[in-house]
Amino acid sequence: MSSTDQAVQLRLPNLLQNWPLKRTLNPHHTPISTASISWFKSFTPIPPLILSSFTPFNLPLFASLVYPNVSAEHLRIGCDMMFAMLLFDEVSDWQGEEDVRRRGGIIKDVLRDPHDLRPEGEDVLGRIFQRLVPNTFSNSISSHSDPSFWSRALSISSPSASRSYINSLETYIDSVVVEASDRSSHRLRTIEEYLSLRRRTIGVKPCFDLLFFDTNIDLDQPEMKDSLKNPMVESLVDIAVDMIILTNDILSYNVEHSRNEDAHNIITVTIRERRCSIQQALDHVGEWYHRLQQQFLVLFNDLSSLSTSIHLEPEIKEFIQGIGNFITGNIAWHFETERYFGKHGLEVQNHKTITLLPRKTTPTPSHL
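Numbering (numbering that gives the first Met the number 0) for the sequence shown: 0 to 367.
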C-alpha cells in the first residue's frame with residue numbers, strides 16, 4: 000500500500016439523479032429472508048468461511064428490493080436463487096476454466112433433468128439447485144421438506160417460462176467459463192469486447208425471467224412472443240442490462256480493486272483503454288450511464304403509457320415495470336448492503352465520496 004493510495008478521494012456518479020422510480024421493499028421481506036437464510040445455511044459442506052463471507056451481501060435484501068411487488072412464494076424463489084447463483088459466481092472467481100465448466104455442467108444437468116437422482120457425494124451446488132431425496136418407501140423421487148429454489152420455481156412457473164429461465168442461466172454459466180479462461184490466459188479485453196461478455200456474466204437475464212414465474216403465463220403464445228420481440232421492448236431490456244452492469248461496476252470497483260478482483264470491471268477496462276485516472280474513468284462511465292438512463296426512460300414511458308399505439312400484453316407491461324423496479328432496487332442494495340461500503344453505505348449514497356482502499360498484495364483463494 001502506498002501513501003498515495005491512502006490519500007485518494009473518489010467521487011461517485013449520482014446514479015439516481017433524474018430517476019423517477021422510488022425504492023420499495025417487498026412487504027414479505029422479514030419472514031422470507033429468515034427462511035431463505037436458514038435454508039442456505041442448512042447445506043453441507045459449505046465451509047463456515049464461505050458462509051460468513053455471504054453475510055455482508057444480504058442477498059434476501061437484494062431480492063426484496065428488486066422484486067418489491069411479488070408474492071411471498073415468488074420472493075422466496077428469488078431469495079434462494081440469489082444464494083445459489085452467488086455461490087457459483089463466488090467460487091468460480093478463484094477456479095480454472097475446467098473446474099468452472101464442471102460445476103456449471105452440474106447446474107445445467109439439474110435444471111434440465113430436475114427429477115433425476117444426483118450422485119452420492121456430488122458438489123454442493125447440485126444439491127442447492129435440486130434438493131430432492133429418494134422416497135424411503137418406494138423407488139420414486141419426492142421433494143425434500145425444504146426444497147431447492149428450482150423445485151419451488153417449477154411448482155408455479157409455466158413450462159415456457161422455466162425454459163426461458165434455463166436458457167438464460169445456461170448462457171450465464173457458459174459466460175462464466177469464458178471469464179475463467181480470460182483470467183487464466185490474462186486476456187485483456189477492449190471495452191466492446193468486455194461488454195460483449197459482461198452482458199452475460201452479469202447474470203441479469205435469468206433474474207428478469209424470474210419476473211414471469213408468478214403469473215403462469217405461456218410465453219409461447221403468439222401474442223406474448225410478438226410483445227417480447229417488439230423492438231422497443233428488446234431495446235429497453237438491453238439498455239437495462241447495460242445500466243445494471245455500469246451500476247455494479249461503478250459501486251463495486253473500490254472493493255474489487257482492493258482485493259485484486261477488478262480485472263472484470265468496466266472501470267479497470269476504461270482506465271486501460273483510455274489511459275486515464277480512476278476518477279476520470281468514474282466520470283466517463285457515469286456520463287455513459289446517464290445517457291443510457293435517458294434512453295431507458297423514453298422507452299419506459301412510451302411503453303407504459305395507456306395512450307401508446309403499441310399493443311402489448313398486460314403481462315409484458317408488468318414485466319417492463321418490473322425491470323424499472325429492478326434497476327432502482329439494485330442501486331439501493333449496493334448502498335444498503337455492507338458488501339461495498341461497510342456500515343457507511345447510506346452516508347456514501349448521500350455525499351458520493353469514498354476513499355480508495357489499499358490494494359492487497361495477494362488474492363484470497365476459494366475455500367470450496
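Glycine residues also receive a C-beta, built at the ideal position from the N, C-alpha and C atoms.
Nothing here was measured: the structure is a model prediction, and the numbers come from that model.
Item, Value
"Return the bridge partner residues of T354 from the DSSP annotation.", "Q8"
"Under three-state DSSP, which class holds E129?", "Per the sequence shown, residue 129 should be read as Gln rather than Glu. Residue state, collapsed to three classes: coil."
"Taking DSSP as the reference, what is the three-state secondary structure of H343?", "helix"
"Between which two residues does the alpha helix (DSSP H) harbouring G328 extend?", "313 to 335"
"How close, in whole Å, do the beta carbons of T189 and E272 come, if the pair is a contact with beta carbons under 8 Å?", "6 Å"
"Rounded to whole angstroms, what's the CA-CA distance from S141 to E121? Just pull it up for me.", "Residue confidence is low: S141 scores 36 on pLDDT, short of 50, so the model does not pin down where it sits. Its coordinate-derived value is still stated next. Their Cα atoms are separated by approximately 18 Å."
"Taking the alpha carbon of R338 as the reference point, which residue from Q348, V254, L296 has its own alpha carbon closest?", "V254"
"So, helix, strand or coil for R111, using DSSP?", "helix"
"Measure the alpha-carbon distance for L311 versus E72 and round it to whole angstroms.", "27 Å"
"Run through DSSP, which three-state label would G77 get?", "helix"
"For N349, does the three-state DSSP call read helix, strand or coil?", "helix"
"Assign L168 to one of three DSSP states: helix, strand, or coil.", "helix"
"I'd like the span of the alpha helix (DSSP H) that includes A62, first residue to last.", "58 to 65"
"Would you report the Cα separation of P133 and V69, rounded to the nearest angstrom?", "Bear in mind that a pLDDT of 35 at P133, under 50, signals an unreliable position, so the number given afterwards is only what the model happens to contain. Distance between the alpha carbons of P133 and V69: 32 Å."
"Would you tell me roughly how many angstroms separate the C-alpha atoms of L356 and H256, rounded to the nearest one?", "8 Å"
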